[in-house]
Amino acid sequence: MLDRIEREIEFARFDELLDLYKGWLDPNHVGLIKQIKDCRDWISHRNPKKTKPAVIEPITAHKLLSTAMDALS
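Rendered as structure tokens:
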């Protein structure tokens with residue numbers, strides 16, 4: 004698994020890389036992290052053709068991401 008991550012990290016989409024962590028993290032947690040990323044992308048780029056994603060409060064995003072990082076360390 005680590006070999007695949009090292010090979011594909013430069014070319015893979017972030018969502019695909021997150022899917023690789025489903026073996027270590029709760030798949031629902033990974034889905035929430037993807038929602039945080041979608042919200043971040045929408046704020047950064049504001050593509051009017053895309054609908055506004057679910058907004059996740061910053062404190063909630065911080066807790067989710069901190070929990071994921073702790074689980075992976």
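Counting with the working numbering, you get residues 4 to 76 for the letters of the sequence shown. We put the CB at the ideal spot given by N, CA and C, even for glycine.
Minimum C-alpha distance to residue i - residue among the options
i: W27; options: R10, D44, L5 and P51; result: L5
i: V58; options: Q38, L23, R16 and D22; result: Q38
i: Y24; options: R7, F14 and E13; result: R7
Exposure label - residue i; buried when at least 16 CB within 10 Å
i: I36; result: buried
Limits of the unbroken alpha helix (DSSP H) element including residue i
i: F17; result: F17 to D22
i: K40; result: P30 to H48
i: P51; result: No alpha helix (DSSP H) holds P51; DSSP gives it neither H nor E.
i: P61; result: P61 to L75
Residue i versus residue j: straight-line alpha-carbon distance, rounded
i: N31; j: R49; result: 26 Å
i: L67; j: S47; result: 20 Å
i: G34; j: A74; result: 16 Å
i: D76; j: T54; result: Checking the sequence shown, residue 76 turns out to be Ser, not Asp. Spanning the two alpha carbons is a distance of roughly 35 Å.
Integer-rounded CB distance, given that residue j should sit under 8 Å from residue i
i: C42; j: P56; result: 5 Å
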